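Numbering (mature numbering (1 follows the signal peptide of the UniProt record, and there is no 0)), first residue to last: -28 to -1, 1 to 189. Reading through the structure tokens given below for one structure.
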């Protein structure tokens, strides 16, 4: 698990002074963790299915790839098998709705994304309701975090990232976008079904009873 810092920070010229006053120093940024090239869960799904409040972009469900248009997260690294669905934003309207950015709101200072086929034209912008636009994390930053042997011409990698608020940086909304005709494919770890949680609870109870019986014996 790597803790990393981004090299990019977007500040509008007219807003520089107020932004610096609100966030000093200007290097304030979320805590960024690269967790690996795979899904980091039993399955990964699109943002809404993963429990996020999301709008914009298109959804590929069930997960599949279309050459020259979009690619299932994990495919570059051979980890796409447990990706069930995912979001896409792209200048191409494929899938339907993809021409709009993917906006995730009502965040409690944490955001997980399985970033598929990382590209330097992919961006995640972080916002705060009180301070507006705060910070941009690029595909180049993500690629550098993965340590992949790919090149600028073809990063050829995927990555699961966790972004978290900290003492100097707080966010409640992110916007995923892409430029230059390149798609941004993104998923997140699935939320366990209530039945799965119940079965897990029953298993733990059974394990406890078994241990008590052994102790009594």
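Beta carbons are placed, not taken as given, at the ideal position from N, Cα and C, and that holds for glycine. Quick caveat, the model's predicted, so the values are computed rather than measured.
Item to check | Strand pairing of residue 157, partner residues [DSSP] | outcome: As a working note, residue 157 is residue 185 in the chain shown. Partner(s): 60, 88.
Item to check | Beta-carbon spacing of residue 129, residue 103 below 9 Å | outcome: As a position in the chain shown, residue 129 is number 157, starting the count at 1. As a position in the chain shown, residue 103 is number 131, starting the count at 1. Contact flag unset, no.
Checklist entry - Which residue comes first and which comes last in the alpha helix (DSSP H) that contains residue 116? => result Working through the chain shown from its first residue, we reach residue 116 at position 144. Note, residue 116: alpha helix (DSSP H), 111 to 118.
Checklist entry - What span of residues does the beta strand (DSSP E) with residue 128 cover, start to end? => result Here residue 128 is taken as the residue at index 156 of the chain shown, counted from 1. That residue, residue 128, is in no beta strand (DSSP E); it is neither H nor E in DSSP.
Checklist entry - Counting only runs that start and end within the segment 6 to 43, where is the beta strand (DSSP E) found for 3 or more residues in a row? => result 25 to 27, 30 to 32
Item to check | Three-state secondary structure assigned by DSSP to residue 71 | outcome: Start at 1 with the first residue of the chain shown, and residue 71 comes out as number 99. Residue state, collapsed to three classes: coil.
Item to check | Assumed close pair residue 66, residue 31 - CB separation to whole angstroms, cut-off 8 Å | outcome: Here residue 66 refers to the residue found at position 94 when the chain shown is read from its first residue. Here residue 31 refers to the residue found at position 59 when the chain shown is read from its first residue. Going by Cβ atoms, the distance from residue 66 to residue 31 rounds to 12 Å, so no, they are not a contact pair.
Checklist entry - Beta-carbon separation of residue 112 and residue 6 under 9 Å? => result Your numbering for residue 112 matches position 140 in the chain shown. Your numbering for residue 6 matches position 34 in the chain shown. Taking C-beta atoms as the reference points, residue 112 and residue 6 fail to come closer than 9 Å.
Next on the checklist: Between the segment 73 to 80 and the segment 35 to 54, can you find at least three pairs of beta-carbon atoms closer than 8 Å?
Outcome noted: no
Item to check | Where the beta strand (DSSP E) containing residue 94 begins and where it ends | outcome: As a working note, residue 94 is residue 122 in the chain shown. 94 to 100 is the extent of the beta strand (DSSP E) around residue 94.
Item to check | residue 143 and residue 95 closer than 9 Å at C-beta | outcome: In the chain shown, the residue the question calls residue 143 occupies position 171. In the chain shown, the residue the question calls residue 95 occupies position 123. Contact: no.
Next on the checklist: Between 12, 136, 25, 29, which has its C-alpha nearest residue 156's C-alpha?
Outcome noted: Numbered from its first residue, the chain shown carries residue 156 at position 184. Selected option, being the one with the closest Cα: 29.
Next on the checklist: Applying the 10 Å Cβ sphere with the 16-neighbour rule, what's the burial state of residue 110?
Outcome noted: Taking the first residue of the chain shown as 1, we reach residue 110 at position 138. By the 10 Å Cβ count, residue 110 comes out buried.
Checklist entry - Does the distance from the C-beta atom of residue 51 to that of residue 11 stay below 9 Å? => result Against the chain shown, residue 51 aligns to sequence position 79. Against the chain shown, residue 11 aligns to sequence position 39. Yes, Cβ-Cβ distance for residue 51 and residue 11 is below 9 Å.
Next on the checklist: Judging by CA-CA distance, which residue of 139, 159, 136 is the nearest neighbour of residue 148?
Outcome noted: In the chain shown, residue 148 corresponds to position 176, counting from 1. For the residues 139, 159, 136, the minimum Cα distance to residue 148 belongs to 159.
Checklist entry - Under three-state DSSP, which class holds residue 65? => result Against the chain shown, residue 65 aligns to sequence position 93. In this structure, residue 65 counts as coil in the three-state DSSP scheme.
Next on the checklist: Just verifying my parser: in three-state terms, what is the DSSP assignment at residue 163?
Outcome noted: Position 191 of the chain shown, counted from the first residue, corresponds to residue 163. Per DSSP, reduced to three states, the secondary structure at residue 163 is coil, with no helix or strand assignment.
Item to check | Alpha carbon of residue 131 to alpha carbon of residue 71, nearest angstrom | outcome: The residue you call residue 131 lines up with position 159 of the chain shown. The residue you call residue 71 lines up with position 99 of the chain shown. So the two alpha carbons sit approximately 23 Å from each other.
Item to check | Distance between beta carbons of residue 21 and residue 162, contact taken as under 8 Å | outcome: The residue you call residue 162 lines up with position 190 of the chain shown. The residue you call residue 21 lines up with position 49 of the chain shown. The Cβ separation is near 7 Å, so the contact holds.
Next on the checklist: Looking at residue 19: is its Cβ nearer than 9 Å to the Cβ of residue 107?
Outcome noted: For the purposes of this step, residue 19 is taken as the residue at position 47 of the chain shown. For the purposes of this step, residue 107 is taken as the residue at position 135 of the chain shown. Not a contact, by the Cβ cut-off of 9 Å.
Checklist entry - Does DSSP put residue 138 in a helix, a strand or coil? => result To locate residue 138, count along the chain shown from 1; it is residue 166. Residue state, collapsed to three classes: strand.
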